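Engineer: Read in order, the letters of the sequence shown correspond to residues -18 to -1, 1 to 187 in mature numbering (1 follows the signal peptide of the UniProt record, and there is no 0).
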Amino acid sequence: MLRISLVLFSLISTNAFALTEAVDIYSDQQLISLIQSNQYLQRVKADDCQLVQDIEARAEVLQQPLYQFLWGEMLINGVCVKAHPSRGMMLLQTSAEQGSSEAMVKLADYYYRGKLVVKDPNRAVQYILPAAANGNLNAKMMLVRLFGEGYGSPTDYEMGYHWLYNSIFDNDAEQKKASSLLQMLAAKMPASVVARAQQSQLYKR
């Protein structure tokens, strides 16, 4: 009986250790992948909030842009911490100022939807332009959507069309979405400008 009890205790202890096994901090590439798939907050929760202190330290002390984005989003949405939207938005702003395309896209989305800020799609264009210029596909998609809906300057339509038209897509769904957005924007441009924007190199007249 004692032997059986010891075996059971051993199994329970082993399982408990497995359930609380330490989680490694995310690499930059892992974090980018999680952000692109919109799984970053779910991942933090799935890891039982074990990395909260590490994430905070990398954002607040080391001031790493990707972690400023993640920590800001955790504060905005109250994930594993008490919600503090104003602080979260400040962190997103700082991340964007440090060149994070991910933060630029998120801020543009907030202004486009009017979440936590006054709805201002034209300000969304200002945030999304540099991210699109850096090659971020989500940014190029959003920029063409905004242009297609009439926001931003018409003088930039050709450039935005060119960037998205010449993108490489990971799957058919992305390609179909891009084609639909490009068609919407093309309706606002002269045919000759559309043809020029479709070239592999953009030459302004």
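We put the CB at the ideal spot given by N, CA and C, even for glycine.
Every value quoted in this text rests on a predicted model; they were computed, and no experiment measured them.
Measuring CA to CA, which of R25, D10, W53 is closest to E38?
Structural biologist: For E38, the nearest C-alpha among the options comes from W53.
Engineer: With the cut-off set at 7 Å, would you say A106 and A90 are in Cβ contact?
Structural biologist: yes
Engineer: With H, G and I counted as helix, E and B as strand and the rest as coil, what does DSSP make of Y49?
Structural biologist: helix
Engineer: Whole angstroms is fine: what's the gap from C62's alpha carbon to D6's?
Structural biologist: Spanning the alpha carbons of C62 and D6 requires a straight line of approximately 17 Å.
Engineer: What does the Cβ neighbour count give for Q50, buried or exposed, with the cut at 16 atoms within 10 Å?
Structural biologist: buried
Engineer: Compute the beta-carbon to beta-carbon distance between R127 and L163, rounded to the nearest angstrom, for a pair I have assumed lies under 8 Å.
Structural biologist: 5 Å
Engineer: Indicate whether L125 and A115 have their beta-carbon atoms separated by less than 7 Å.
Structural biologist: no
Engineer: Tell me the DSSP secondary structure of I(-15) in three-state form.
Structural biologist: Caution applies to I(-15), whose pLDDT of 45 falls short of 50 and renders its modelled position unreliable; the value that the coordinates give is listed next. Helix.
Engineer: Measure the CB-CB distance between L98 and P67 and report whether it falls below 7 Å.
Structural biologist: yes
Engineer: Which word fits L44, buried or exposed, when buried means at least 16 other C-beta atoms lie within 10 angstroms of its C-beta?
Structural biologist: That one is exposed.
Engineer: Whose CA, out of A41, M123, D10, lies closest to the CA of K158?
Structural biologist: M123
Engineer: In whole angstroms, what is the alpha-carbon distance linking residue 266 and G96?
Structural biologist: An answer regarding residue 266 cannot be provided, because it is not within the stretch -18 to 187 covered by the chain.
Engineer: Using a Cβ-Cβ cut-off of 6 Å (strictly less than) and excluding sequence neighbours within five positions of M171, which residues of its own chain qualify?
Structural biologist: Y139
Engineer: When the Cα of Q183 is compared with those of V87, N20, K64, N148, which residue comes out closest?
Structural biologist: N148
Engineer: Quick one: is V126 near chain B, going by C-beta distance under 7 Å?
Structural biologist: No chain B appears in the structure shown, which is made up of a single protein chain.
Engineer: Report yes if the C-beta distance between A169 and V176 is below 7 Å; otherwise report no.
Structural biologist: Their beta carbons are not under 7 Å apart, which means A169 does not touch V176 by this criterion.
Engineer: Can H144 and A121 be called in contact, C-beta distance under 7 Å?
Structural biologist: no
Engineer: The alpha helix (DSSP H) with D36 in it runs from where to where?
Structural biologist: 34 to 42
Engineer: So, are the CB atoms of G117 and F129 less than 7 Å apart?
Structural biologist: no
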